[in-house]
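Participant: Heads up, the sequence shown is in this note's numbering, so the first residue is 13 and it goes up one at a time. Where a beta carbon is used, it is the ideal one built from N, C-alpha and C, also for glycine. Input: one structure, supplied below.
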Amino acid sequence: MAANLVAPSPPRRASHVPLATAGLLIGMLLSVLDQTVVAIALPDIAADLGGMSAIGWIVTSYVLASTATGALYGRVSDRFGRRAVFVTAIAVFLAGSALCGLAQTMPQLITARTVQGIGAGALFVLPAIALSELYPQHLRSRVQGFTGGVFALASVGGPLAGGAITDAWGWRWIFYINLPLGLLSVACTAIALRLPRTGGAGKVDLPGAVLLAGATAGLLLVAEWGGGAYPWTSGLILSLIGAVAVVSALFVWRERRAANPLLPLRLFADPVLRVVLPATALLGALLGGSIVYLPTYLQAAYGMSATQAGLALNPYVLTFMAVSSLAGARIGASGRFKPYLLAGSVIAVAGFALLGRITPDAAYALLAVEIGVLGVGFGLLMQSLVVVAQNAASPADLAATTSAVVSVRGLGLSLGVALFGTLLTRELQGHAPSPEATAAAIPGVLFWGVPAAVVLVALMALLPRTVNRVTP
């Protein structure tokens, strides 16, 4: 009789939600921070390592690697678990950070930044997925709203932190500072994060991941080089555009036939996701352009240092953070996102219109109000779009949907930085390089955000009134 008794399996340990949330948000903070923190240190790095002609690749290599790998991590974590993949990605990120700090030549630093970017690809995607699983659906918008504030703080605070660290300890410490923070993130998630695997034993779609990474990298290179380093009609740019088209077609072909596709094409049959994905890419482009060129304008128009310009962006950052958090709390479980999204896109139109008319002799107080308006618009939009997509997805597609939305936003952000840079180059043609010329040109560049934001309004109008799939 005793032989027939089977001991019950021990119950699965529940996640310690606050501690797991802290670990995930620290990882997210590091991922976004390291996209912008090096900008202010580039002159010091070039003076120390040489290789001025390749200095742009310190930023580009990180962006390419993190954007190209982001979509893969959702599916990998379905198979191997959120905690295991997140901790592994943090380890890769920290290894890259240590190698960046130890680099003795420019090629070594660029290689290390690529390693760092490969790890960083998971550090924004996986928290967005895991947080939606840690919290019930009626709290999802509130939590994702808080992550929007983290994104804003890291994006705009990166140059400020980079300048302070470089001035105090030298440029290598902008990478070394990641080590204790990353280890804290590892400790929190390793101890506290307990989520079931959702992907079964299906194979990860590695061919699809390679094709998607190739198409993404090619598109970013087109935006980075086109109209600047190479004319749009040059053989290299046209070849890259052709390669992106071919690789994208191969990716679609692969996803139609893969047993466990990286990006299930059925997602694009959902009317909500058909709106959210292009809207997210467009929002990312507007974010990228404003985050990069507003500090440049402050330095050129008001003679601010990089640190002063970072502090002067507080009206943008604080309103972004506050509105993102408050809007998430108000939306709650009702699923009534549309009024907030419409309001956010209309306010974004107003923000870019106001900034497009600013003049270098305007008082800073006026500019502070205008960037605060833009912060309100973005705060209403950014994480709400993520939650709309998550609410529209089935539980089986939650990771793939979240990965797609976050990766598309990252791609849009990178494209926005490159395209706004091309517009600035065009505005400066025929003018001698000077802070005055730059200050006069940037409002004209930012005004291009108006038609883009009008398209965003139109996309938001296409959304249904409520998006609230019932999930277990």
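1. Let me know if Q116 comes out buried or exposed under the rule of 16 or more other beta-carbons within 10 Å of its beta-carbon.
2. Closer than 7 Å by C-beta to S167: which residues in its own chain qualify, once you throw out the five before and the five after it? Chain order, please.
3. Is the shortest distance between the beta-carbon of G424 and the beta-carbons of chain C less than 8 Å?
4. For the region 96-137, list the beta strand (DSSP E) runs that are entirely contained and at least 3 residues long, ordered along the chain.
5. Just list the residues that DSSP pairs G238 with in beta bridges.
6. Within its chain, find whatever has a CB closer than 8 Å to the CB of R286; leave out the 5 residues flanking it on each side and keep chain order.
7. May I have the straight-line CA-CA distance separating G485 from G456, to the nearest angstrom?
8. Would the region 345-359 and the region 200-207 be scored as touching if the rule is three or more Cβ pairs under 8 Å?
9. Taking contact to mean at least 3 C-beta pairs separated by less than 8 Å, is the region 391-406 in contact with the region 72-86?
10. Whose C-beta lies closer than 6 Å to the C-beta of L41 among residues of the same chain, with five residues either side of it excluded?
11. Per DSSP, what kind of secondary structure is G182 in: helix, strand or coil?
12. Using the Cα positions of R477 and I189, report the straight-line distance between them to the nearest angstrom.
13. Given a cut-off of 8 Å, decide if G86 and V137 are closer than it, judged by their beta-carbon atoms.
14. Would D217 be called buried (16 or more neighbouring beta carbons within 10 Å of its own) or exposed?
15. Between which two residues does the alpha helix (DSSP H) harbouring F263 extend?
16. Does the beta-carbon of G461 have 16 or more other beta-carbons within 10 angstroms, so that it is buried, or is it exposed?
17. Excluding the 5 residues preceding and the 5 following Q128 in the sequence, name in chain order all residues of the same chain whose CB lies nearer than 7 Å to its CB.
18. Comparing alpha-carbon positions, which option in G442, T414, L436 lies nearest A140?
19. Buried or exposed: which applies to Y376, given that a residue is buried once 16 or more other Cβ atoms fall within 10 Å of its Cβ?
20. Are there three or more Cβ pairs, one per stretch, closer than 8 Å when the region 436-443 is compared with the region 309-320?
21. Name the two residues that bound the continuous alpha helix (DSSP H) containing P30.
22. Which whole runs of the alpha helix (DSSP H) in the region 402-467 are 4 residues long or more, in chain order?
23. Around the Cβ of V399, are there at least 16 other Cβ atoms within 10 angstroms (buried) or fewer (exposed)?
24. Between the Cα of S419 and those of S144, A430, T228, spot the shortest distance and give me the residue it belongs to.
25. Under the three-state reduction of DSSP, which class applies to D60: helix, strand or coil?
26. Taking the alpha-carbon positions, what's the L406 to L252 distance?
27. Would D373 be called buried (16 or more neighbouring beta carbons within 10 Å of its own) or exposed?
28. With DSSP collapsed to three states, give me the class of P307.
29. Which residue comes first and which comes last in the alpha helix (DSSP H) that contains N190?
30. With H, G and I counted as helix, E and B as strand and the rest as coil, what does DSSP make of L325?
31. My output table needs one value for A14: the three-state DSSP class, helix, strand or coil.
Facilitator: Put simply:
1. As a first step, residue 116 must be located in the sequence shown, where it is residue number 104. Flag for Q116 reads exposed.
2. Here the question's residue 167 lines up with position 155 in the sequence shown. Only V44, T48, I303 meet the Cβ criterion.
3. Within the model displayed, chain C is absent; a lone protein chain is all it includes.
4. Qualifying beta strand (DSSP E) stretches: none in this window.
5. Position 226 of the sequence shown, counted from the start, is the residue given in the question as residue 238. Paired residues: Y242.
6. On the sequence shown, position 274 is the one that residue 286 refers to. Correct list, in chain order: F280.
7. Nothing can be reported for residue 485, as the shown portion of the chain is limited to 13 through 484.
8. Taking a cut-off of 8 Å for Cβ pairs, the region 345-359 and the region 200-207 do not touch, as fewer than three such pairs fall below it.
9. Contact fails: fewer than three Cβ-Cβ distances are below 8 Å.
10. The count along the sequence shown starts at 1 and reaches residue 41 at position 29. Excluding sequence neighbours, L41 sits near V162, A166.
11. For the purposes of this step, residue 182 is taken as residue 170 along the sequence shown, with counting starting at 1. In the displayed model, G182 falls within coil according to three-state DSSP, outside both helix and strand.
12. For this step, residue 477 is matched to residue 465 along the sequence shown. For this step, residue 189 is matched to residue 177 along the sequence shown. A direct Cα-Cα distance of roughly 45 Å separates R477 from I189.
13. Taking the sequence shown and counting its residues from 1, one reaches residue 137 at position 125. Taking the sequence shown and counting its residues from 1, one reaches residue 86 at position 74. Their beta carbons are under 8 Å apart, which means V137 touches G86 by this criterion.
14. The sequence position of residue 217 within the sequence shown is 205, counting from 1. D217 is classed as buried because its beta carbon has at least 16 other beta carbons within 10 Å across all chains shown.
15. What you label residue 263 is simply residue 251 of the sequence shown in a count that begins at 1. Bounds of the alpha helix (DSSP H) holding F263 are 247-269.
16. The residue labelled residue 461 in the question sits at position 449 within the sequence shown. Flag for G461 reads buried.
17. Indexing the sequence shown from 1 puts residue 128 at position 116. The beta carbon of Q128 is closer than 7 Å to those of D46, Y74, F105, G108, S109, C112 in its chain, skipping five residues each way along the sequence.
18. The residue you call residue 140 lines up with position 128 of the sequence shown. Nearest to A140 by C-alpha distance, out of G442, T414, L436, is T414.
19. Walking along the sequence shown from the start, residue 376 turns up at place 364. In summary, Y376 is exposed, with fewer than 16 beta-carbon neighbours lying within 10 Å of its beta-carbon over all protein chains present.
20. Note that the region 436-443 does not touch the region 309-320; fewer than 3 beta-carbon pairs, one per stretch, sit closer than 8 Å.
21. In the sequence shown, the residue the question calls residue 30 occupies position 18. Annotation for P30: the continuous alpha helix (DSSP H) segment containing it runs 29-48.
22. Within the region 402-467, the complete alpha helix (DSSP H) runs of at least 4 residues are 410-440, 447-458.
23. Residue mapping note: residue 399 aligns to position 387 of the sequence shown, counting from 1. The residue in question, V399, is buried, as its Cβ has 16 or more Cβ neighbours within 10 Å.
24. To locate residue 419, count along the sequence shown from 1; it is residue 407. The residue among S144, A430, T228 with its C-alpha nearest the C-alpha of S419 is T228.
25. Locating residue 60 in the sequence shown gives position 48, where the first residue counts as 1. If DSSP states are grouped into helix, strand and coil, D60 belongs with the helices.
26. What you label residue 406 is simply residue 394 of the sequence shown in a count that begins at 1. What you label residue 252 is simply residue 240 of the sequence shown in a count that begins at 1. According to the sequence shown, residue 406 is Ser rather than Leu. Going by the C-alpha atoms only, they are around 36 Å apart.
27. Here residue 373 corresponds to residue number 361 of the sequence shown, with the count starting at 1. When all chains shown are included, D373 counts as exposed.
28. On the sequence shown, residue 307 is found 295 positions in, with the first residue counted as 1. In the three-state DSSP reduction, P307 falls in the helix class (H, G or I).
29. Position 178 of the sequence shown, counted from the start, is the residue given in the question as residue 190. 190-204 is the extent of the alpha helix (DSSP H) around N190.
30. Numbered from 1 along the sequence shown, position 313 holds the residue referred to as residue 325. It is coil, neither helix nor strand.
31. On the sequence shown, position 2 is the one that residue 14 refers to. Summary for A14: the model assigns pLDDT 43, below 50, so the residue's position carries little reliability; its value from the coordinates is reported in the next sentence. Helix, per DSSP.
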